[in-house]
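See below for the structure under consideration.
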Amino acid sequence: MKYIQGQYIVKEKSAIAREIYSFTIACPEVAAVAAPGQFVHIRAKGYTLRRPISICGIDKEKGTIRIVFEIRGEGTGEIAKLNQGDLIDMLAPLGHGFTVNNNFKKVVLIGGGIGTPPMLPLAKAYGEKAVAISGFRNACAVILQDDLRKTGAETILCTDDGSAGIHGFVTQPFRELAEKGSIDAVYACGPMPMLKGIAAICKENNIFCEISLEERMACGIGACLGCACRTKRNNEEYFAHVCKDGPVFNAEEVLW
Ligand code: FES
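Going by this note's numbering, the sequence shown opens with residue 1, and the numbers climb by one from there.
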C-alpha cells in the first residue's frame with residue numbers, strides 16, 4: 001500500500017448541511033494516486049488518533065482531493081474548525097477502493113447519509129451509465145445531489161420521513177431497478193442494515209456488488225488489528241482489516 005503523510009493546505013471549506021463540511025485540499029501527490037473508495041486519515045489538533053474520512057472527489061489536474069464529513073465527536077469537531085489556508089495533517093490515500101470497469105454499461109451507486117460522499121468519484125467515472133440512489137433522514141440532511149447530477153448520473157432521492165424525494169428507504173427503488181435487470185454492478189456505502197439489504201437483493205438478482213464498510217480505526221494501515229471484520233475467502237472464515245483489505249469488499253465476502 002502506497003501512502004503519504006504530510007501537512008496540506010485547505011483550499012476551500014464550506015458547510016453543506018447541519019454539521020457536515022466539505023474541504024478541498026491541495027495535495028498533488030495524493031491526488032495523483034488516489035482512487036474511488038479510498039480514504040484519508042486525519043489527525044485533529046490535540047488528538048493522537050486519526051479520524052478516517054472517505055474521499056469524495058479527486059482532481060488529478062488541479063492536484064486536489066475533496067472530503068465531506070460529519071461532526072461525530074470532539075475529533076471531527078476539531079477538524080471542522082480548520083479554515084481555508086490552514087494546514088491539515090493527513091495520511092493518504094489509504095485502503096482498497098472500488099473496482100471501476102469501463103465495460104460496465106449500467107451501474108447503481110447507493111449512498112446512505114454520510115455514506116454518500118464516496119459515491120461521487122464513482123459517478124464521475126461512470127457518468128450517464130450511473131443511477132445514484134441516496135437516502136437521508138430528512139430534507140435538512142440531504143447532500144451532494146447537484147454534484148451527482150452534474151456528472152450525468154441519474155439521481156433518485158429518498159428520505160426516511162418523506163420530507164424530500166421518495167418516502168422510504170433506498171432499498172425500495174433499488175429493488176425495482178434490480179428486478180428490471182441489466183445492471184452490471186452495484187456500489188454502496190452507508191449503515192450496515194442498508195448494506196445488508198442491498199447485498200441480499202444483489203444476491204437474489206445475481207448482480208456484482210461492492211460495499212464500503214465503516215469501522216473504527218486506529219492506525220489505518222493494517223498494523224493494530226483494531227478494525228477487524230468477519231469475511232470469508234475461499235470458503236474459510238477470515239478476519240479482514242477494514243483499513244487495508246477494505247474499506248471496500250465484495251458483498252459476497254462479508255459475513256453479515
Ligand atoms: Fe489498525 Fe486497521 S486500523 S489495523
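Cβ coordinates follow ideal geometry from the N, Cα and C atoms, glycine included.
Neighbourhood of Arg259 by C-beta distance below 8 Å, restricted to the same chain and skipping five residues each side
Only positions 1 to 256 of the chain appear in the structure, and residue 259 is not among them; the question remains open.
Contact shell at 7 Å, judged by CB to any heavy atom of the ligand FES, ordered along the chain:
Met217, Ala218, Cys219, Gly220, Ile221, Gly222, Ala223, Cys224, Leu225, Gly226, Cys227, His241, Val242, Cys243, Lys244
Between which two residues does the alpha helix (DSSP H) carrying Val33 extend?
Residues 28–33.
Beta-carbon spacing of Phe23, Val10 below 8 Å:
Yes.
Straight-line CA distance for Lys244 to Val254?
15 Å
For Thr48, which three-state DSSP category applies?
coil
So, for Arg66: in the same chain, excluding its five sequence neighbours on each side, which residues have a beta-carbon less than 6 Å away from its beta-carbon?
Answer for Arg66: Thr24, Cys56, Gly57, listed in chain order.
What do you get for Arg233, buried or exposed, if any count of 16 or more other CB atoms within 10 angstroms of its CB means buried?
Taking all protein chains shown into account, Arg233 has fewer than 16 neighbouring C-beta atoms within 10 Å of its C-beta and is therefore exposed.
Alpha carbon to alpha carbon, how far is Glu78 from Ala44?
6 Å
If you measure between the beta carbons of Met170 and Ile211, is that distance less than 8 Å?
The displayed chain sequence assigns Val, not Met, to residue 170. Not in contact: Val170 and Ile211 (Cβ atoms no closer than 8 Å).
In the DSSP output, what is Asn250 paired with across the bridge?
Glu210
Spatial neighbours of Ile71 within its chain, please: CB distance less than 6 Å, with the 5 preceding and 5 following residues excluded, ordered by chain position.
Glu19, Gly77, Ala80
My guess is that Thr151 and Ala123 are in contact by the Cβ rule of under 8 Å, so how many angstroms apart are they, rounded?
4 Å
Compute the Euclidean distance between the alpha carbons of Asp147 and Leu120, then round it to the nearest angstrom.
7 Å
What number of angstroms, rounded off, separates the C-alpha of Glu29 from the C-alpha of Gln5?
10 Å
Taking just the CA atoms, how far does Glu252 sit from Cys209?
8 Å
Mapping DSSP to helix, strand and coil, what is Lys232?
strand
According to the Cβ coordinates, are Ile156 and Lys106 closer than 8 Å?
no
Status (buried if at least 16 other CB within 10 Å, exposed otherwise) for Glu214:
buried
Measure the C-alpha to C-alpha separation of Val131 and Phe249 and round it to an integer number of angstroms.
20 Å
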